[in-house]
Structures are given as C-alpha cells and as structure tokens.
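K.L.:
So the sequence shown is numbered by numbering that gives the first Met the number 0: it starts at 0 and just counts up by one.
This structure is in structure tokens; I'll ask about it shortly.
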Amino acid sequence: MAADDTAADEIRGTARGTAPVPLSVLDLVTVGAGSTAGDALRTSAALARLAEARGYHRYWVAEHHSMPGVASSSPAVILAHLAAHTDRIRLGSGGVMLPNHAPLVIAEQFGTLEAMAPGRIDLGLGRAPGTDGATAAALRRTDRLNEGADDFPQQLAELVRFLDDDFPDGHPYRRIHAVPGPVQGTSPGGVQSPHRPPVWLLGSSGFSARLAGLLGLPFAFAHHFSAQNTLPALDLYREAFRPSGVLDAPYALIGVSALAADDEKEARRQVLAAALNMVRLRSGRPGLVPTPEEAEAYPFTPMEREFVDSWNANVVHGTPDEVRAGLDELQKRTGADELMLTANAHSGEVRLRSYELIADSYGLSAPA
Numbered sequence: 000m001a002a003d004d005t006a007a008d009e010i011r012g013t014a015r016g017t018a019p020v021p022l023s024v025l026d027l028v029t030v031g032a033g034s035t036a037g038d039a040l041r042t043s044a045a046l047a048r049l050a051e052a053r054g055y056h057r058y059w060v061a062e063h064h065s066m067p068g069v070a071s072s073s074p075a076v077i078l079a080h081l082a083a084h085t086d087r088i089r090l091g092s093g094g095v096m097l098p099n100h101a102p103l104v105i106a107e108q109f110g111t112l113e114a115m116a117p118g119r120i121d122l123g124l125g126r127a128p129g130t131d132g133a134t135a136a137a138l139r140r141t142d143r144l145n146e147g148a149d150d151f152p153q154q155l156a157e158l159v160r161f162l163d164d165d166f167p168d169g170h171p172y173r174r175i176h177a178v179p180g181p182v183q184g185t186s187p188g189g190v191q192s193p194h195r196p197p198v199w200l201l202g203s204s205g206f207s208a209r210l211a212g213l214l215g216l217p218f219a220f221a222h223h224f225s226a227q228n229t230l231p232a233l234d235l236y237r238e239a240f241r242p243s244g245v246l247d248a249p250y251a252l253i254g255v256s257a258l259a260a261d262d263e264k265e266a267r268r269q270v271l272a273a274a275l276n277m278v279r280l281r282s283g284r285p286g287l288v289p290t291p292e293e294a295e296a297y298p299f300t301p302m303e304r305e306f307v308d309s310w311n312a313n314v315v316h317g318t319p320d321e322v323r324a325g326l327d328e329l330q331k332r333t334g335a336d337e338l339m340l341t342a343n344a345h346s347g348e349v350r351l352r353s354y355e356l357i358a359d360s361y362g363l364s365a366p367a
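Following this line, the structure appears as structure tokens:
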C-alpha cells in the first residue's frame, strides 16, 4: 500500500542545525514546590513559544492523573491553550490514554483541535492508565481495568473510524459522526479541512510496538522511564512494520529525559531533585517537585540511593556539550528517527534554559 505523501509529511520531521534527527519537546507540565498549576501552565506556553522559535519540531503533552507535581490531566485543554500561543509548531498528545475515554470523545476533541490549528495536531495514544489502579477505576467507572487494555486494538479501530467517518453500512455507529470532522465536508454546502490528526501509538513495552508496526503507524517509545526496553521494542516495531496508507517505512521517536545547565554541578543538582520526586512517586507518596536544596538535604536510604543512581543514569544531563554528546550517542545506538526531550526540574526557568542551551548547542533555528 502506498503512503499518502501529505500524511507522511505530517509525521516525518526535518533535522535542523547539526542535530542528527529532528528534536521535539515532551511537556509534563511539572509543578514545583512553591508554585501553582497556573505557574506551570504559563511556563508551558512560554516553552511552546521558545520551541517554535528555536526550531524544535513538535510539542507534546502527556496525560497523567492524581499526581500533584504533574498538571497535565487534560491534554486536549492544554493543547488548545498552546495552539493560541503558537503559529507553526506541531502540537499533540504524548499521549492520550485511550482506555480512559470513549473513542468518540477523543475524536471530537482532536477534531476541534484540528479546526483550531489545521495541519498542526498529532494524536498520540497509549494503553496504560497514566496513574494508579484506584484512580484508573474512578476514571473508567469500572473495576475491570484489564478490560480496557485488552480491548485497545478494538478501541483504536473505532477511534480511527470516527476520525475518518467511514463506519460501514449496517454498523450501529454508521449514522454517528464526530464533529468537527469529515461529515461536514459531505453535507450540502459543506467545506472541510483535508487534514486529520495523524495517529501515533505510544508504548513502554512490546505490545504497542508490534501493533504500530502491523498497522503501519508511527511509534513513540518511552525511553525516559523504560530504557531497558527501548532496543527490543524498536526492533519489534521495525520487524513487524507493514507499509500503510500512512507510512511506507517505519518512523520511531523516543522520549528522552534531558537537562542542560550552564555548568555540570548545577545540572546534577536539578536532576537529583527530579529523582527525589520519582522516589516519592514510586513509593506511593506523589507530591510537588522538590527544590534542589530539599533534595540535597534529603536522607536517602541505601535502597533509595540505588534507585536514584539507576534513574539518573538514563537522564542525559550536564553542560550543553555533554548533553549534545549524550543525545548523539543515544540516537546512534537506537536509530531513533526523532528525539523528544523532556526536562524535569523544579523551576520553570531551569527548564526553559535547558531547551535554549540544547538549541544553541545544535545551532537550531526555526524555518523562515
């Protein structure tokens, strides 16, 4: 099957400056101690503008729930906010957790976003809940949590049908339409944008990697929290890949924790605070991202220290030159077609500075 050139162009990015592949941004809308969710959202708007000005390819936000330090529970709402503050950069979800939502609702939300920012919206989908089991049960109004994950391929197929408005005759949803959507173009006097958000599959294991390959979809792997599975998942995706109307060849990006600072010591201080936040999250004590001073004074147990060392081993951090070298090595080792950088830090200013320094180190600049 030959890929549609327009669809492929909306997926594949262009490397800028001396970067080996396109660089993009993953934003968790982190909330630091002493800050509000409003502060975090203002940082996100500023970061999206910076990313656009400096030539980053796309900007995604991720769905999380019941985490005080992560204010990205509603990706569609945040993306509408970011669309109003940008003009060119691609915006998307990295991702929406499909089992948490009715497919029709997602099709309507992202159809609305597409109408707001035509040709700029990506729809990244995950099958995990983005939270703990109890919160997932509250979101889904069911205690049968495995059912949502097991039904993921069927939910995905239903969502794509709503996006394309092509349920077959006799299907119970044949007369149901996601609006905004293609039905408006087929109504008397109707005119509809030719774009529809490209669908990406996200994963941290092999399930979505294989499914993305079989369906010929682009794939995004969560290297930033599942580094041990990165190479096996990418291999599985590439081996399973079948050309589709979307892509002729595999296209895989990986999410990477990366933080650059003006000096190495400051980078270490910042990533220690982010690691303490992960220690608390993994031990059932989620909270706001602590300050570097709090992290330096924290009495880590030997087990916690071991976790921190292991976690930070997969965070590319240091001076801009060190971060660039680390990203180059990671891209070469994985063969990733795109690197999506997430900078977890207590301060919004630190995050903004990190992306600026990385852009400088690669000589990134936005297209004219």
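Note that beta-carbon positions come from the ideal geometry of N, C-alpha and C, so glycine has one too.
Report all residues from its chain with a CB closer than 6 Å to the CB of residue 259; omit the five preceding and five following residues, and keep chain order.
P.N.:
319, 322, 353, 356 and 357
K.L.:
What residue from 288, 182, 252 and 166 has the CA that sits closest to residue 222's CA?
P.N.:
252
K.L.:
Do residue 295 and residue 271 count as a contact pair if the criterion is CB distance below 8 Å?
P.N.:
yes
K.L.:
Look at the alpha carbon of residue 198 and the alpha carbon of residue 121, and state the distance between them as a whole number of angstroms.
P.N.:
7 Å
K.L.:
Does the Cβ of residue 110 have 16 or more other Cβ atoms within 10 Å, making it buried, or fewer, making it exposed?
P.N.:
buried
K.L.:
Within its chain, find whatever has a CB closer than 7 Å to the CB of residue 348; leave out the 5 residues flanking it on each side and keep chain order.
P.N.:
none
K.L.:
DSSP beta-bridge partners for residue 213?
P.N.:
According to DSSP, which records beta bridges pairwise, residue 213 is partnered with nothing at all.
K.L.:
Classify residue 224 as buried or exposed, calling it buried when 16 or more other Cβ atoms lie within 10 Å of its own Cβ.
P.N.:
exposed
K.L.:
Can you check whether the CB of residue 277 is closer than 8 Å to the CB of residue 24?
P.N.:
No, they are not a contact pair.
K.L.:
Got a sec, what are the start and stop residues for the alpha helix (DSSP H) residue 80 sits in?
P.N.:
Annotation: the continuous alpha helix (DSSP H) that includes residue 80 extends over 74-82.
K.L.:
For residue 341, count the other beta carbons within 10 Å of its own beta carbon; 16 or more makes it buried, fewer makes it exposed. Which is it?
P.N.:
buried
K.L.:
What is the DSSP secondary structure of residue 8, counted as helix, strand or coil?
P.N.:
The answer is helix: DSSP assigns residue 8 an H, G or I state.
K.L.:
For the beta strand (DSSP E) that contains residue 119, what are its first and last residues?
P.N.:
Counting along the chain, residue 119 falls outside any beta strand (DSSP E), and DSSP gives it neither H nor E.
K.L.:
Hey, could you find the ends of the alpha helix (DSSP H) residue 308 is sitting in?
P.N.:
301-311
K.L.:
Return the CA-CA distance between residue 17 and residue 312, expressed in angstroms with no decimal places.
P.N.:
25 Å
K.L.:
Could you pull the DSSP bridge partners for residue 23 from this structure?
P.N.:
339
K.L.:
Span of the beta strand (DSSP E) holding residue 392?
P.N.:
Since the first residue of the chain shown is 0 and the last is 367, residue 392 is not available in this structure.
K.L.:
Can you have a look at residue 188 and say buried or exposed, based on whether 16 or more other CB atoms are within 10 angstroms of its CB?
P.N.:
exposed
K.L.:
Give a yes or no on whether the C-beta atoms belonging to residue 168 and residue 181 are separated by under 8 Å.
P.N.:
no
K.L.:
Taking C-beta to C-beta, are residue 27 and residue 105 nearer than 8 Å?
P.N.:
Contact: no.
K.L.:
Do residue 334 and residue 235 come within 8 Å of each other at the CB atom, strictly closer than that value?
P.N.:
no
K.L.:
Would you list, in sequence order, the uninterrupted beta strand (DSSP E) runs of no fewer than 3 residues that lie entirely inside the stretch 248-329?
P.N.:
251-259 and 315-317
K.L.:
On the three-pair Cβ rule with 8 Å, is the stretch 62-81 touching the stretch 26-41?
P.N.:
yes
K.L.:
With a Cβ-Cβ cutoff of 8 Å, do residue 90 and residue 125 count as a contact?
P.N.:
no
K.L.:
Counting along the chain, where does the beta strand (DSSP E) carrying residue 349 start and finish?
P.N.:
Taken as a continuous stretch (DSSP letters only), residue 349 belongs to no beta strand (DSSP E), being part of the alpha helix (DSSP H) at 347-361.
K.L.:
Could you round the C-beta distance between residue 123 and residue 201 to whole angstroms and report it? I think they count as a contact, below 8 Å.
P.N.:
5 Å
K.L.:
Does the separation of the CB atoms of residue 82 and residue 116 fall below 8 Å?
P.N.:
yes
K.L.:
Which residue comes first and which comes last in the beta strand (DSSP E) that contains residue 188?
P.N.:
First-last for residue 188: undefined, no H or E at that position.
K.L.:
To the nearest angstrom, report how far apart residue 210 and residue 239 are at their CA atoms.
P.N.:
8 Å
K.L.:
Thinking C-beta only, is residue 77 closer than 8 Å to residue 60?
P.N.:
yes
K.L.:
From residue 228 to residue 219, what distance separates their C-alpha atoms?
P.N.:
13 Å
K.L.:
Do residue 231 and residue 205 have their C-beta atoms closer together than 8 Å?
P.N.:
yes
K.L.:
Following a CB-centred definition, is residue 153 positioned closer than 7 Å to any heavy atom of the ligand NAP?
P.N.:
For the ligand NAP, the structure offers nothing, since it holds no ligand at all.
K.L.:
What is the rounded straight-line gap between the Cα of residue 245 and the Cα of residue 336?
P.N.:
16 Å
K.L.:
Between the alpha carbons of residue 303 and residue 279, how many angstroms are there, rounded?
P.N.:
10 Å
K.L.:
In or out: residue 108 buried (at least 16 other Cβ within 10 Å) or exposed?
P.N.:
buried
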